[in-house]
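Participant: Sharing a structure here in structure tokens format.
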């Protein structure tokens, strides 16, 4: 195995966009560290990559990131590898009204979609802020820029991902840091998302959506964001066109009414 190159960490890599993204980065001979709960799926991914790209190093990390202690442990375990890119893809959704939603499921979703992503982003930024070529890419959603009916809590969590990542991008730019923070916002994508969000055994994307992307298509769009100098890569929910651009949310960086900075940043 080639251990001399940098690595790309991809969470939620056992299926969907994460699975396809690992293959897409491997196609560019990027070493990958794939993270998810399902060992069998990760080992299947590992073998598929090795069959096509035997020179690529594929590190499997089995981890449930909805448990906070595991988040820190995972990061500690991967510190031995030089990490060029960190992709926070792990997450799941939910379709239900706020009044009817399963609160236990919501607790797990928020820990994974929000807390784990924030912790891993923060840890990576601390270590790689001044490393040339480093990138943090967080996976949000079309629902991270608009509110979808019966998915209010999920959208709120993804609004957090979008705002957090855009804000971090502004912060890094202001500090003239080397690391770039970016956010990818897919629309409907044919993955296990539909089954989990709706709590069903089978989910037909053809019946549910007029248009959708495949995981492989979204992985290619992720690479386009990776290659660009832009902060946001977003799929339009109506046209399904993909665009790369600047942060969307307003940023009060130049306001005279902001809290004055103090020594030590506190």
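Residue numbers (the numbering used here): 5 to 270. For glycine and all other residues, C-beta sits at the position ideal for the given N, C-alpha and C.
(1) For residue 58 and residue 194, what's the separation of their Cα atoms in angstroms?
(2) Does the segment 199–212 touch the segment 228–237, meaning 3 or more C-beta pairs lie closer than 8 Å?
(3) If you follow the alpha helix (DSSP H) that residue 237 is in, where does it begin and where does it stop?
(4) How about the segment 140–151 and the segment 183–199: do they share at least three Cβ pairs that are nearer than 8 Å?
(5) Residue 128: buried (16+ other C-beta within 10 angstroms of its C-beta) or exposed?
(6) Taking the alpha helix (DSSP H) that residue 202 falls in, what are its first and last residues?
(7) Could you name the residues that DSSP lists as bridge partners for residue 184?
(8) Please look up how many angstroms separate the CB atoms of residue 307 and residue 97, rounded, as I've assumed it's under 8 Å.
(9) Can you list, in chain order, the residues of its chain whose CB lies under 7 Å from that of residue 249, leaving out five sequence neighbours each side?
(10) On a CA-only basis, which of 260, 183, 166 is nearest residue 252? Give me that one, please.
(11) Less than 8 Å between C-beta atoms, sequence neighbours within five positions excluded: which residues of the same chain meet that for residue 197?
Facilitator: Judging by the given coordinates:
(1) The sequence position of residue 58 within the chain shown is 54, counting from 1. The sequence position of residue 194 within the chain shown is 190, counting from 1. Straight-line Cα distance between these residues: approximately 28 Å.
(2) With contact defined as three or more Cβ pairs closer than 8 Å, the segment 228–237 and the segment 199–212 are not in contact.
(3) The residue given as residue 237 occupies position 233 in the chain shown. Counting along the chain, no alpha helix (DSSP H) covers residue 237; the unbroken beta strand (DSSP E) around it starts and ends at 236–239.
(4) Judged by Cβ distances under 8 Å, the segment 140–151 makes contact with the segment 183–199, as three or more pairs qualify.
(5) For the purposes of this step, residue 128 is taken as the residue at position 124 of the chain shown. Under this definition residue 128 is a buried residue.
(6) Taking the chain shown and counting its residues from 1, the one referred to as residue 202 is at position 198. First-last of the alpha helix (DSSP H) with residue 202: 197–202.
(7) One-based indexing of the chain shown puts residue 184 at position 180. BP columns for residue 184 point to 139.
(8) Within the shown structure, residues of the chain are numbered from 5 to 270, placing residue 307 beyond reach of any answer.
(9) Counting from 1 along the chain shown, the entry for residue 249 is found at position 245. A distance below 7 Å between beta-carbons, with the five flanking residues on each side excluded, links residue 249 to the following residues of its chain, in chain order: 234, 236.
(10) On the chain shown, position 248 is the one that residue 252 refers to. That would be 166, whose Cα lies nearest to the Cα of residue 252.
(11) Translated into positions along the chain shown, residue 197 becomes position 193. Contacts found: 20, 96, 97.
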